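**Q** Before I ask anything, here is the structure I am working with.
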Amino acid sequence: MVAAGWSLSTRAARWAARFYGRHVPLVLGLSLVPTVQRFLVVHYDVPAAVAVGSEILVAGVRVLLVVLVVRLLARELTGEHGLGGRAALRRLSTAIDARRGAFWFQWIVLGAAFVVCDVLPNAAVAAWVPDGARDVVTATMVAVKNPTVIAFTVLWIVGIGRTLIVEQTDADEIAAAPDEPAGRR
1 MVAAGWSLST
11 RAARWAARFY
21 GRHVPLVLGL
31 SLVPTVQRFL
41 VVHYDVPAAV
51 AVGSEILVAG
61 VRVLLVVLVV
71 RLLARELTGE
81 HGLGGRAALR
91 RLSTAIDARR
101 GAFWFQWIVL
111 GAAFVVCDVL
121 PNAAVAAWVP
131 DGARDVVTAT
141 MVAVKNPTVI
151 AFTVLWIVGI
161 GRTLIVEQTD
171 ADEIAAAPDE
181 PAGRR
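The sequence shown: position 81 = 81 (this note's numbering), numbered continuously.
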């Protein structure tokens, strides 16, 4: 399970890195909204209504990023792999069933990434940064994480699904799933 799970993680991460590289304006552009918001809210004393409103905006932008990434993935699946939506979902379901351990291993990797990229840096700031500089350092750290760690994590999670859909490990099970009629793609 560990080897298969790690292999799935690395292939999904490679796809995520290539996707980010091909779509830098999209990913970086949408990531700048939470970057600016987080920096301002963490660094400055903004009114509660502004903080809440800006959090709603950030949530909307993150949902938009996921929607746009999935739409671009759907184009890839249709154009490069000849898979319509239903066929892709069927393949995803079949691949998760066939590779359940590798799929669940992704959540262990995500948890480890959270510890390394969030818990440890926050603990380091709390332990080593003087109180007077803590707000600026925290605001900067959070602003940097938005277009890097957080954006890449979104792409990586989508990449897990893409990898499971595209890379057939149990060809017999996947081939046994009936094809979707061309009109329904």
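Just so it is clear, CB atoms sit at the ideal spot from N, CA and C, and this is done for glycine as well. What you are looking at is a predicted structure, and each value in this text was computed from that prediction instead of being measured.
In three-state terms, what does DSSP make of residue 97?
**A** Note: residue 97 maps to helix in three-state DSSP.
**Q** Going by the CB atoms, is the gap between residue 102 and residue 4 shorter than 8 Å?
**A** Their beta carbons are under 8 Å apart, which means residue 4 touches residue 102 by this criterion.
**Q** Does residue 20 come out as helix, strand or coil in the three-state DSSP assignment?
**A** Three-state DSSP puts residue 20 in a helix.
**Q** Excluding five sequence neighbours on each side, which residues of the same chain lie with their C-beta closer than 8 Å to the C-beta of residue 117?
**A** The answer, listed in chain order, is 145, 149.
**Q** Quick one: any contact between the segment 129 to 143 and the segment 9 to 19, if contact means 3 or more CB pairs under 8 Å?
**A** As far as the Cβ criterion goes, the segment 129 to 143 does not touch the segment 9 to 19, which means the pair count is below three.
**Q** Roughly how many angstroms separate the alpha carbons of residue 54 and residue 2, rounded to a whole number?
**A** Taking the straight line from one Cα to the other gives about 40 Å.
**Q** Taking the alpha carbon of residue 122 as the reference point, which residue from 134, 112, 111 has its own alpha carbon closest?
**A** Answer by Cα proximity: 134.
**Q** Inspect the beta-carbon positions of residue 69 and residue 166 and report whether they are closer than 8 Å.
**A** Cβ atoms of residue 69 and residue 166: not closer than 8 Å.
**Q** Please report how far the alpha carbon of residue 61 lies from the alpha carbon of residue 79, in whole angstroms.
**A** Looking at the two C-alpha atoms, the distance is approximately 27 Å.
**Q** Between which residues of its own chain and residue 74 is the CB-CB distance below 8 Å, once the five residues before and five after are set aside?
**A** So the qualifying residues of the chain are 85, 88.
**Q** Does residue 95 pass the burial test, meaning 16 or more other C-beta atoms within 10 Å, or should it be called exposed?
**A** So residue 95 counts as buried.
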